[in-house]
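In this note's numbering, the protein residues as written are 2 to 150.
Please read the structure below before turning to the comments.
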Amino acid sequence: MEKAFEVIARGVCIVEGSLLLCHGRDQTNTYLPGGHIERGESAAVALEREILEELGVASQAGGFMGAVENHFTQSDEEVYEINLIFRLAIPGLAPGEAVPVEEPWLDFRWVSLDRIEEAQLQPSCLIKMLQDLPTEDGEGVLGWGSNYL
2 MEKAFEVIAR
12 GVCIVEGSLL
22 LCHGRDQTNT
32 YLPGGHIERG
42 ESAAVALERE
52 ILEELGVASQ
62 AGGFMGAVEN
72 HFTQSDEEVY
82 EINLIFRLAI
92 PGLAPGEAVP
102 VEEPWLDFRW
112 VSLDRIEEAQ
122 LQPSCLIKML
132 QDLPTEDGEG
142 VLGWGSNYL
């Protein structure tokens, strides 16, 4: 089995106690919005680029919140990733309103922070980390998490 190593920039966008999550249209699990960091770009710039590509709207990466190590198998490939997580502001988006999508294989939805377990958020260690944030607007630090075994 081949092993891939990936570095991902992800964003925590919390508005009115709800978290913006992404998922593949053919998948049941969800994850924080963002994507791969390309050579020559910072993690914050990568996050803003990914949001523009996936949602078609400008965003603002805020402060660094933490990192999460993730390990899983996808299409017979062992994947090991480091997720660098930032606060994320996307002006004009709010729970209860349609989220624009530019990529046909993706969908986005708002999930109340007290229901993120039901959303099958991956990496799963993020569930408790996000629930433990001190305020509902996403202020705080996540720290380090891992599901690597």
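All C-beta atoms, glycine included, are put in the ideal place defined by N, C-alpha and C.
This one's a predicted model, so the numbers in the text were calculated from it and none came from an experiment.
query: Contact the region 109-124 vs the region 39-48: 3+ CB pairs below 8 Å; result: no
query: Own chain partners of Leu85 with C-beta closer than 8 Å, once the 5 adjacent residues on each side are dropped; result: Val8, Ile9, Ala10, Arg11, Ile38, Ala44, Phe65, Ala68
query: Neighbourhood of Leu53 by C-beta, 8 Å cutoff - its chain only, sequence neighbours within 5 removed; result: Ala59, Ser60
query: Proximity of Glu119 and Ile128 at Cβ, strictly below 7 Å; result: no
query: Status (buried if at least 16 other CB within 10 Å, exposed otherwise) for Glu51; result: buried
query: Alpha-carbon spacing of Val80 relative to Glu70, whole angstroms; result: 11 Å
query: Simplified DSSP state of Cys126, which is helix, strand or coil; result: helix
query: Distance between beta carbons of Cys23 and Leu134, contact taken as under 8 Å; result: At roughly 19 Å, the Cβ-Cβ gap does not stay under 8 Å, so Leu134 and Cys23 are not in contact.
query: Boundaries of the alpha helix (DSSP H) in which Ala45 is found, first to last residue; result: 44-56
query: Whole-angstrom C-beta distance between Ala90 and Gly63, which should lie under 8 Å; result: 6 Å
query: Closest Cα partner of Val102 within the set Asp115, Gly25, Glu17; result: Gly25
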